[in-house]
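**Q** Below: one structure in structure tokens.
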Amino acid sequence: MGSQEVLGQAARLASSSLLLQVLFRLITFVLNAFILRFLSKEIVGIVNVRLTLFYSTAVFLAREAFRRACLSGGAQRDWRQTLNLLWLTVPLGIFWSLLLGWVWLQLLEVPDPDVVPHYGAGVVLFGLSAVLELLGEPFWVLAQAHMFVKLKVVAESMAVIFRSVLTAFLVLWLPHWGLYIFSLAQLLYTAVLVLCYVIYLIKLLHSPESTKQLTLPVSRISQLLPTITRSRAFVNWKEAKLTWSFFKQSFLKQILTEGERYVMTFLNVLNFGDQGVYDIVNNLGSLVARLIFQPVEESFYIFFAKVLEREKDATHQKQEDVAVAAVVLESLLKLAVLTGLTITVFGFAYSQLALDIYGGAMLSSGSGPVLMRSYCLYVLLLAINGVTECFTFAAMSKEEVDRYNFTMLALSSSFLVLSYLLTSWCGSVGFILANCFNMGIRITQSLYFIHHYFQRSPHRPLAGLRLSPILLGVFALSGGVTGVSEAVLCCDQGWSARLAHIAVGTICLGVTLGTAFFTETKLVHFLRTQFGRSRLSDKMT
-14 MGSQEVLGQA
-4 ARLASSSLLL
6 QVLFRLITFV
16 LNAFILRFLS
26 KEIVGIVNVR
36 LTLFYSTAVF
46 LAREAFRRAC
56 LSGGAQRDWR
66 QTLNLLWLTV
76 PLGIFWSLLL
86 GWVWLQLLEV
96 PDPDVVPHYG
106 AGVVLFGLSA
116 VLELLGEPFW
126 VLAQAHMFVK
136 LKVVAESMAV
146 IFRSVLTAFL
156 VLWLPHWGLY
166 IFSLAQLLYT
176 AVLVLCYVIY
186 LIKLLHSPES
196 TKQLTLPVSR
206 ISQLLPTITR
216 SRAFVNWKEA
226 KLTWSFFKQS
236 FLKQILTEGE
246 RYVMTFLNVL
256 NFGDQGVYDI
266 VNNLGSLVAR
276 LIFQPVEESF
286 YIFFAKVLER
296 EKDATHQKQE
306 DVAVAAVVLE
316 SLLKLAVLTG
326 LTITVFGFAY
336 SQLALDIYGG
346 AMLSSGSGPV
356 LMRSYCLYVL
366 LLAINGVTEC
376 FTFAAMSKEE
386 VDRYNFTMLA
396 LSSSFLVLSY
406 LLTSWCGSVG
416 FILANCFNMG
426 IRITQSLYFI
436 HHYFQRSPHR
446 PLAGLRLSPI
456 LLGVFALSGG
466 VTGVSEAVLC
476 CDQGWSARLA
486 HIAVGTICLG
496 VTLGTAFFTE
506 TKLVHFLRTQ
516 FGRSRLSDKM
526 T
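All the letters of the sequence shown, read from the start, carry residue numbers -14 to 526 under the working numbering.
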């Protein structure tokens, strides 16, 4: 498969994932607004911080390293060994669920059962859902490696919709069930997600006329199960060693990703109610980041991993593939900077209005607007880091991954200390400031790797970090105009003033995007070429 074909598939996967993210984030957005009016903020804090952290930690530690290692292999791999390796995520998930479940039940503060009922059952059911989701991991990796775009879209969309509908129904009719509501909804989510992948692959393998079936390394569903043969090792030891390297890194990355929740959970710097408010603002602040950046990062990590060979720098690989990778990386960096800067500039003037519309005075008063504005700056760093690490992790050798782990260890330790200190000093905003500091260090590490990787080649993808001076001037002007508009029109002068404030922002945003269209022509051409090609491919398949 050529680099251009892989690029087209990655673009199609990214565009489809964007539609998926829009769908389930909008559903989650409406759902959160709904449950805020029926549940206490203490229950929201326990579910969104305590239980979600338990679930995400168990799943992440059990599968993240396996995903990265098994998606990095070439076309000549032995898929039976790869599938055997992936099935090890299940016993590993059981281990982490039991260990973390004991910590969550025995070592952490247990909430008042009169305020948050059924906490113990919630921990057990969230742990069970983590193990259930890992049962579908071999099917997920097989589908991702062969870029079954629509399967991922349909599976995650259906799972989120079922979970949302069940949550809304139980909150409305059985609010006294407490944590049972969210636990049962989470179990339904994982069951639907796994069943979608299993059923799709079973139907695909029973359809010999399908062109997709011909590309699969298995011919019947039983071959996806673990197999032991005397002629070969149970797993590919090169993949296993790479998995171990990624595991050490993933443990540290999880601390960086969910660091504020670990600090809140283990150090009790915020009570359960304040944790609930922080998490709501946190989800709103990171909505666009997860909506746009995460699917792009996941899709193009697969592209870079397939096009580039580990252990080799840019001068020792196919120059056509290196040239395509450099163009893609430069365009993605430009897109990340442009999107992140747009969110930062306009988010400062519209944070208070967004919080007031979503949650009323509970969110728009106090520290809510300051927290949201801080997140707008953090989103810019998230955008850049997502793209740079996407390339870095796909191109690093095993030894470079191991060396990077030491940096991650230092970052993890400094993050936890810095989070505690800054939170004690300036409240929940300290979490965002600590995240910004660590994200800046991670970006610096990735930029150094990329610069060194392309140093002896004619390609300079880091040029994507520079925007046109004219465009930067328009951003500055838009920030000033919308800032004055917020001071004059928002947010206690009625809906007519609010609508006028929104109109001012709409005009400024249109002018900014129009300027970007005419000044960043290389990026516009890339988007038209790749995502236009992905839409054409969707129509033909």
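Positions of the beta carbon are idealized from the N, C-alpha and C atoms, including for glycine.
It should be emphasised that the depicted structure is a prediction, and the values quoted were computed from it without experimental measurement.
Out of curiosity, what's the CA-to-CA distance linking residue 188 and residue 65?
**A** In the sequence shown, the residue the question calls residue 188 occupies position 203. In the sequence shown, the residue the question calls residue 65 occupies position 80. Near 20 Å, if we compare the C-alpha coordinates of residue 65 and residue 188.
**Q** Going by other Cβ atoms of all chains shown within 10 Å of its Cβ, with 16 needed for buried, is residue 427 buried or exposed?
**A** Taking the sequence shown and counting its residues from 1, the one referred to as residue 427 is at position 442. Residue 427 is buried by the Cβ-count criterion.
**Q** How big is the Cα-Cα spacing for residue 33 and residue 150?
**A** As a first step, residue 33 is located in the sequence shown; it is residue number 48 there, counting from the start. As a first step, residue 150 is located in the sequence shown; it is residue number 165 there, counting from the start. About 18 Å.
**Q** Less than 7 Å separating the Cβ of residue 135 from some heavy atom of the ligand SAH?
**A** Summarising the ligand content, the structure contains no ligands, and the ligand SAH is consequently not present.
**Q** Jot down the residue ranges of each uninterrupted alpha helix (DSSP H) in the stretch 298 to 371, minimum 4 residues, whole runs only, in chain order.
**A** Qualifying alpha helix (DSSP H) stretches, in chain order: 304 to 344 and 346 to 349.
**Q** Are the CB atoms of residue 483 and residue 338 nearer to each other than 8 Å?
**A** Numbered from its first residue, the sequence shown carries residue 483 at position 498. Numbered from its first residue, the sequence shown carries residue 338 at position 353. Cβ distance < 8 Å, so residue 483 and residue 338 count as in contact.
**Q** Using a threshold of 8 Å, state whether the C-beta atoms of residue 37 and residue 248 are closer than that.
**A** Counting from 1 along the sequence shown, the entry for residue 37 is found at position 52. Counting from 1 along the sequence shown, the entry for residue 248 is found at position 263. Result no, Cβ atoms of residue 37 and residue 248 do not sit closer than 8 Å.
**Q** Residue range of the alpha helix (DSSP H) that residue 436 falls in?
**A** Taking the sequence shown and counting its residues from 1, the one referred to as residue 436 is at position 451. Counting along the chain, the alpha helix (DSSP H) containing residue 436 begins and ends at 414 to 438.
**Q** On a Cα-Cα basis, can you pick out the residue from 456, 406, 413 and 453 that is closest to residue 351?
**A** Here residue 351 refers to the residue found at position 366 of the sequence shown. That would be 413, whose Cα lies nearest to the Cα of residue 351.
**Q** Have a look at residue 387 and residue 50 and give me their C-alpha separation to the nearest angstrom.
**A** Within the sequence shown, residue 387 is the residue found at index 402, counting from 1. Within the sequence shown, residue 50 is the residue found at index 65, counting from 1. Each residue's Cα considered, the two are about 13 Å apart.
**Q** Which residues bound the alpha helix (DSSP H) around residue 220?
**A** The residue labelled residue 220 in the question sits at position 235 within the sequence shown. Unbroken run through residue 220: none, as it is neither H nor E.
**Q** What residue from 433, 92 and 454 has the CA that sits closest to residue 445's CA?
**A** Against the sequence shown, residue 445 aligns to sequence position 460. Closest option to residue 445, Cα to Cα, is 433.
**Q** Whole angstroms are fine: how far does the CA of residue 472 sit from the CA of residue 125?
**A** Taking the first residue of the sequence shown as 1, we reach residue 125 at position 140. Taking the first residue of the sequence shown as 1, we reach residue 472 at position 487. Cα to Cα, the separation comes out at about 49 Å.
**Q** Take residue 418 as the anchor and find which of 131, 355, 317 and 510 has the nearest alpha-carbon.
**A** What you label residue 418 is simply residue 433 of the sequence shown in a count that begins at 1. Ranking the options by Cα distance to residue 418, first place goes to 355.
**Q** In angstroms, rounded to a whole number, what distance separates the CA positions of residue 83 and residue 256?
**A** One-based indexing of the sequence shown puts residue 83 at position 98. One-based indexing of the sequence shown puts residue 256 at position 271. Those two C-alpha atoms are separated by around 26 Å.
**Q** With a CB to CB cut of under 8 Å and the five nearest residues on each side skipped, what residues in its chain are close to residue 167?
**A** To locate residue 167, count along the sequence shown from 1; it is residue 182. Contacts found: 32, 36, 107 and 152.
**Q** Indicate whether residue 485 and residue 474 have their beta-carbon atoms separated by less than 8 Å.
**A** Taking the first residue of the sequence shown as 1, we reach residue 485 at position 500. Taking the first residue of the sequence shown as 1, we reach residue 474 at position 489. Their beta carbons are under 8 Å apart, which means residue 485 touches residue 474 by this criterion.
**Q** Rounded to the nearest angstrom, what separates residue 507 and residue 438 at their Cα positions?
**A** Taking the sequence shown and counting its residues from 1, the one referred to as residue 507 is at position 522. Taking the sequence shown and counting its residues from 1, the one referred to as residue 438 is at position 453. Those two C-alpha atoms are separated by around 23 Å.
**Q** Tell me the rounded alpha-carbon separation between residue 468 and residue 53.
**A** In the sequence shown, the residue the question calls residue 468 occupies position 483. In the sequence shown, the residue the question calls residue 53 occupies position 68. Straight-line Cα distance between these residues: approximately 43 Å.
**Q** Assuming the contact rule is C-beta atoms closer than 8 Å, residue 383 and residue 227 should be a hit. Round their C-beta distance to whole Å, please.
**A** Position 398 of the sequence shown, counted from the start, is the residue given in the question as residue 383. Position 242 of the sequence shown, counted from the start, is the residue given in the question as residue 227. Residue 383 to residue 227, Cβ: 6 Å. Contact.
**Q** Going by beta carbon distance, what residues of the same chain come within less than 6 Å of residue 175, once the five residues before and after it are set aside?
**A** In the sequence shown, counting from the first residue as 1, residue 175 sits at position 190. 114, 117 and 118, listed in sequence order.
**Q** If we ignore side chains and look at the alpha-carbon of each, how far apart do residue 180 and residue 121 end up?
**A** Numbered from 1 along the sequence shown, position 195 holds the residue referred to as residue 180. Numbered from 1 along the sequence shown, position 136 holds the residue referred to as residue 121. In a straight line, the C-alpha of residue 180 is about 8 Å away from that of residue 121.
**Q** Would residue 206 and residue 190 be called neighbours here (beta carbons separated by less than 8 Å)?
**A** One-based indexing of the sequence shown puts residue 206 at position 221. One-based indexing of the sequence shown puts residue 190 at position 205. Yes; because the gap between Cβ atoms is below 8 Å, this pair is in contact.
**Q** For residue 514, which three-state DSSP category applies?
**A** Within the sequence shown, the letter at position 529 stands for residue 514. The answer is helix: DSSP assigns residue 514 an H, G or I state.
**Q** Over what stretch of residues does the alpha helix (DSSP H) that includes residue 69 continue unbroken?
**A** Counting from one through the sequence shown, the residue named residue 69 turns up at place 84. That run of the alpha helix (DSSP H) goes 64 to 72.
**Q** Specify the secondary structure class of residue 149 as computed by DSSP and reduced to three states.
**A** As a first step, residue 149 must be located in the sequence shown, where it is residue number 164. DSSP places residue 149 in helix when its eight states are reduced to three.
**Q** So, are the CB atoms of residue 528 and residue 72 less than 8 Å apart?
**A** The first residue shown for the chain is -14 and the last is 526, placing residue 528 beyond what the model contains.
**Q** Can you tell me whether residue 264 is helix, strand or coil according to DSSP?
**A** As a first step, residue 264 is located in the sequence shown; it is residue number 279 there, counting from the start. In the structure shown, residue 264 sits in a helix (DSSP, three-state: H, G or I).
**Q** How would you call residue 28, buried or exposed, if buried means at least 16 neighbouring beta carbons within 10 angstroms?
**A** As a first step, residue 28 must be located in the sequence shown, where it is residue number 43. Result: buried.
**Q** Could you check whether residue 234 and residue 370 sit closer than 8 Å to each other, using their CB atoms as the reference points?
**A** Along the sequence shown, read from residue 1 onward, the residue named residue 370 stands at position 385. Along the sequence shown, read from residue 1 onward, the residue named residue 234 stands at position 249. Going by C-beta atoms, residue 370 is not nearer than 8 Å to residue 234.
**Q** Determine, using beta carbons only, whether residue 423 and residue 400 come nearer to each other than 8 Å.
**A** Here residue 423 is taken as the residue at index 438 of the sequence shown, counted from 1. Here residue 400 is taken as the residue at index 415 of the sequence shown, counted from 1. It is a contact, given that the beta carbons lie within the stated cut-off.
**Q** Taking Cβ positions, are residue 381 and residue 441 nearer each other than 8 Å?
**A** Within the sequence shown, the letter at position 396 stands for residue 381. Within the sequence shown, the letter at position 456 stands for residue 441. Contact: no.
**Q** Which value, in whole angstroms, describes the spacing of the CA atoms of residue 178 and residue 406?
**A** Locating residue 178 in the sequence shown gives position 193, where the first residue counts as 1. Locating residue 406 in the sequence shown gives position 421, where the first residue counts as 1. Approximately 40 Å, taken between the alpha carbons.
**Q** With 16 as the cutoff for other CB atoms within 10 Å, does residue 135 come out buried or exposed?
**A** On the sequence shown, residue 135 is found 150 positions in, with the first residue counted as 1. The residue is exposed, with fewer than 16 neighbouring Cβ atoms inside 10 Å.
**Q** Could you check whether residue 47 and residue 77 sit closer than 8 Å to each other, using their CB atoms as the reference points?
**A** On the sequence shown, residue 77 is found 92 positions in, with the first residue counted as 1. On the sequence shown, residue 47 is found 62 positions in, with the first residue counted as 1. The answer is yes: Cβ separation under 8 Å.
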